[in-house]
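Numbering-wise (the working numbering), the sequence shown opens with residue 221 and increments by one.
Glycine included, every Cβ here is placed at the ideal spot set by N, Cα and C.
Predicted, not measured: the structure shown is a model, and the values here were computed from it.
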Amino acid sequence: MDPDETAATLIACTELEARVAELKLRVAAHADEAAVGEASGATSTAVWWAHATNQTRREAIRQMSLATALSNGHEPVRVALAAGDVLVEQAQVIVRAVEQLPADLDQTLVERAEAHLVAEARHHDAKTLRILGRRLFEVVAPEEADAREAKILGREEAEAAASLRLTMAEDGHGRVHGRFTLDTLTGAMLKKALLAIAAPQHQAATNGLLGQRRPGPERMGRAFAELIQRYPVDRLPHSGGLNATVVVTMTLETLEGRLQAASLDTGERISPGLARRLACEAGIIPAVLGGPSAVLDLGRKARFHTGPMRIAMTIRDQGCTTVGCDWPPGLCHAHHDHPWSRGGGTNVERGRLLCPKHHARAHDPGFTTTQHPGGKVAFTRRT
């Protein structure tokens with residue numbers, strides 16, 4: 221076949237596939253009415269169908285749902301599918317959009333809406349039809365469309381706000397994997413920011429001439445990392461008395477170019493090369509062991525521990541110092557072992573990190589504090 225014949229044949233095959241799909245859905249609806257598979261003990265015709273044809277249960281249920289809908293109405297959609305004028309995924313979108321119209325809407329308006337989408341299916345794919353379906357009410361009742369759309373969008377935005385999620389997990393090999401769910405607006409803002417960072421002009425300006433163009437997912441991943449690394453920490457809320465700063469602990473030899481690895485205040489280890497780079501960038505505080513340091517003992521001149529003191533305790537304690545507690549440094553309080561109210565001084569040596577629960581116990585006369593090796597403490601209720 222020449223190119224024109226090949227193109228025509230491919231289009232004809234696609235139309236034939238739609239026509240066969242309509243026949244299959246008609247038979248599926250009849251099979252459901254006849255309770256096919258009941259003799260085998262299947263819980264539904266869709267479940268039997270999935271097992272008998274090695275489909276996934278989800279796919280069989282999806283097709284059976286469309287088959288039932290077409291057998292109980294939506295004749296224009298069924299006819300268009302039988303003629304090969306719409307595809308199965310388009311038919312699903314049309315049926316879903318029509319069934320989401322108000323239940324009290326006049327039937328004439330419902331039929332007009334369905335006919336409108338069937339006609340649009342000749343020019344648009346399922347994705348665009350879904351967008352048109354969201355504004356289907358404008359076609360049948362334009363005077364009420366804006367109020368209805370505002371109500372729908374308000375409900376969707378409230379549901380989206382309640383479903384925001386972020387999960388992160390380390391794989392133990394230098395990577396963190398995550399998943400997130402955002403509302404549409406925030407997702408659009410994130411995408412815009414990442415595209416701006418991933419743009420060739422930005423990459424050329426920051427990294428020099430570009431070589432081989434990297435795959436899209438890798439470019440976006442690098443852009444995401446750059447967005448996080450370059451976000452100004454002074455614009456973030458404070459946590460545990462400090463802004464959202466990563467503390468890198470390294471020896472003076474590492475900073476000067478030696479090969480010793482460095483540590484983050486979250487417990488992870490990083491290469492010496494990365495540690496030296498981070499020491500030069502905003503949002504990263506290098507705590508150099510063996511180098512010059514800030515004043516870490518204020519005596520009685522100040523009651524509260526300073527930022528450098530908190531950082532020093534973070535490096536030393538790595539979190540709540542209570543035996544068995546795993547709260548991270550950023551959620552802990554700085555505690556005076558010798559209470560300030562009783563003449564204690566403000567310094568690192570006689571200070572420690574305690575989570576809010578154990579900090580309260582440290583000041584509760586109903587508990588005794590026991591010192592353990594390694595700077596740990598335990599609290600026991602007095603009897």
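Residue burial annotation: THR226 is exposed, with fewer than 16 other C-beta atoms found within 10 angstroms of its C-beta.
Judged by their CB atoms, ASP305 and VAL359 are not nearer to each other than the 9 Å cut-off. Exposure of THR328 is indicated by the presence of fewer than 16 other C-beta atoms within 10 angstroms of its C-beta.
The three-state reading of DSSP puts GLU569 in coil, since its state is none of H, G, I, E or B.
As summarised for the stretch 375-427, the continuous alpha helix (DSSP H) elements at least 4 residues long and confined to that stretch are 404-418, 420-427, given in chain order. Relative to GLU569, the option among ILE531, HIS583, THR588 whose CA is nearest is ILE531.
Residues of the same chain with a CB within less than 7 Å of the CB of CYS545, apart from the 5 flanking positions on each side, are CYS575, HIS578 in chain order.
Residue pairing of HIS556 in beta bridges, as defined by DSSP: GLY571. Secondary structure of ALA598 (DSSP, three-state): strand. For GLN538, there is no enclosing beta strand (DSSP E), as DSSP gives it neither H nor E. Assigned with DSSP and collapsed to three states, THR276 falls in coil, not helix or strand. Taking the Cα of PHE524 as reference, the smallest distance to any Cα among ILE490, GLY539, LEU573, LEU414 is reached at LEU573. Ranked by Cα distance from ARG399, the first of ARG385, LEU410, LYS411, PRO322 is ARG385. Taking GLU279 as the centre and dropping the five residues before and after it, the same chain places no C-beta closer than 6 Å to its C-beta.
Judged by their CB atoms, GLU309 and ALA346 are nearer to each other than the 9 Å cut-off. Below 8 Å, too few C-beta pairs join the stretch 315-334 and the stretch 254-267 to call them touching: fewer than three.
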